[in-house]
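Here the sequence shown is numbered in the UniProt record's numbering, starting from 1 and rising by one per residue.
In what follows, a structure is listed as structure tokens, so that the remarks can point back to it.
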Amino acid sequence: MASERRSTAPAIVVQLLLGMALFGSATPLSKLIGQQFSVFTASCMRMLIACLVLAPFTWLLTKRFAGAKRSDWWVIVAISLFGMVGFTAAMLFGMRLTTGVIGSTIMSATPAVTAGAAVVFFGAAMNWRTSGALALAVAGIVAINLLRTEGGGDTEAPILGAALVAMAVCFEAAYTLLSRKLSDGISSLEATLAASLIAALVFVVLAIVFDPQPFDFSDVGQTGWFAVAFWGAATAGLAPVLWYNGARKAPGALTAGAMAVMPLSALVLSYLLLGEPFRWSHLLGFGLVFSGLVLMIVEHSKSED
């Protein structure tokens, strides 16, 4: 079992890298989807599509909730409300207002924010790498917003949008930390499927109550349909399967290093999919946050190995 866990076989490397690349694509896709769909309707569709992808993997690869404890279900409900409902809605509302590059930069701070939350809520140790990563993340986010120039692809309320994406990062951190509270009797795959089902039901209610035209797809174009299908199937369905399966078998250093792919994927796709113009301020802001991510990769690698 130990040798399997520490395997660096090409198939495992591909799973880690592809999983992180798919996670990263969610940020620019959120902007495309937010432009064509009502927020809660799109979110509901994402969760339903993810369930369709996750269900067969859960059936074939797990014990199908046979080992789940009662406490696990309370954790899953919290994961669903914070890590899926809160995260998805905040991302869609935020990406409607800000640019893909700014959103990608802020999402790069997720590991640092997660580490900071672990210190505050779980008494984890704070060291110079963790504190440095948080400082660099804040500096990068501030820099890319302050050095932003008007026009050229910026949206009407980029600061408010950035704040909402930052809120999504906090929800993502809550997802990660809550997942640590699950017992050994339930796998990450089972928990993700169950939380997705709960989130889908919540989004149905939210769509009916708050969306101006719930589940009205008359104005959705071909690009919108492709984006929401990929958003649900790849970023919420396939990506967790690839990542968790690879991370279970790979050494900590490899798993930590693969985390760098997510923000790079988000940034590159923001230019390619959204057609956003390159600015030198992007290098400064993203570079600061990415430097913080490197510190967290080193910290995660040392703690795992």
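Built from N, CA and C at the ideal position, the CB exists for glycine as well.
Euclidean distance between Cα positions of residue i and residue j
i	j	result
LEU147	GLY140	11 Å
LEU22	ILE297	19 Å
VAL50	PHE57	Here residue 50 turns out to be Ala, not Val, going by the sequence shown. Cα to Cα, ALA50 sits roughly 11 Å from PHE57.
VAL138	VAL289	8 Å
ARG70	SER179	15 Å
ARG248	LEU242	10 Å
ILE102	ALA66	43 Å
GLN35	THR88	15 Å
GLY24	LEU264	7 Å
TRP280	PRO10	36 Å
ALA234	ILE198	19 Å
ALA91	LEU60	Residue identity differs from the one stated: residue 91 is Met in this sequence, not Ala. Roughly 32 Å separates the two Cα atoms.
LEU81	TRP128	32 Å
residue 354	GLY246	Outside the modelled stretch of the chain, which goes from 1 to 305, sits residue 354, for which no answer is possible.
SER187	LEU269	31 Å
residue 307	ILE79	The structure shown has nothing for residue 307, since the chain only spans 1 to 305.
LEU274	THR192	29 Å
Proximity of residue i and residue j at Cβ, strictly below 7 Å
i	j	result
LEU295	GLY161	no
VAL53	LEU272	no
VAL75	LEU182	yes
GLU276	GLY100	yes
ALA117	LEU177	yes
VAL228	MET45	yes
residue 310	GLY86	Given a span of 1 to 305 for the chain in the structure shown, any question on residue 310 remains unanswerable.
ILE106	TRP231	no
THR98	ALA266	no
residue 308	ALA124	The first residue shown for the chain is 1 and the last is 305, placing residue 308 beyond what the model contains.
VAL261	LEU48	no
PHE37	LEU206	no
ALA250	ILE12	yes
SER30	MET126	no
GLY185	ALA68	yes
With 16 other Cβ atoms within 10 Å as the buried cut-off, status of residue i
i	result
ASP72	buried
GLN15	buried
PRO111	buried
ALA194	buried
ALA115	buried
ILE208	exposed
LYS63	exposed
GLY285	buried
ILE159	exposed
PRO240	buried
GLY221	exposed
VAL142	exposed
VAL113	buried
SER104	buried
VAL120	exposed
LEU283	exposed
DSSP state of residue i mapped onto helix, strand, coil
i	result
ASP219	coil
GLU172	helix
LYS181	coil
LEU147	coil
ASN245	helix
ARG46	helix
MET62	The sequence given here has Thr at residue 62, not Met. Three-state result, THR62: coil.
GLY67	coil
PRO56	helix
ALA133	helix
PHE278	coil
ALA194	helix
ALA250	coil
ALA157	coil
MET296	helix
MET126	coil
PRO240	helix
Run of the alpha helix (DSSP H) containing residue i, from where it starts to where it stops
i	result
GLY24	10-36
VAL120	110-122
ARG70	70-78
SER187	Where SER187 is concerned, there is no enclosing alpha helix (DSSP H), given that its DSSP letter is neither H nor E.
residue 361	Examination of residue 361 is not possible in this model, given that the chain is present from 1 through 305 alone.
GLY89	Per the sequence shown, the amino acid found at residue 89 is Ala instead of Gly. Element bounds for ALA89: 87-97.
MET107	100-107
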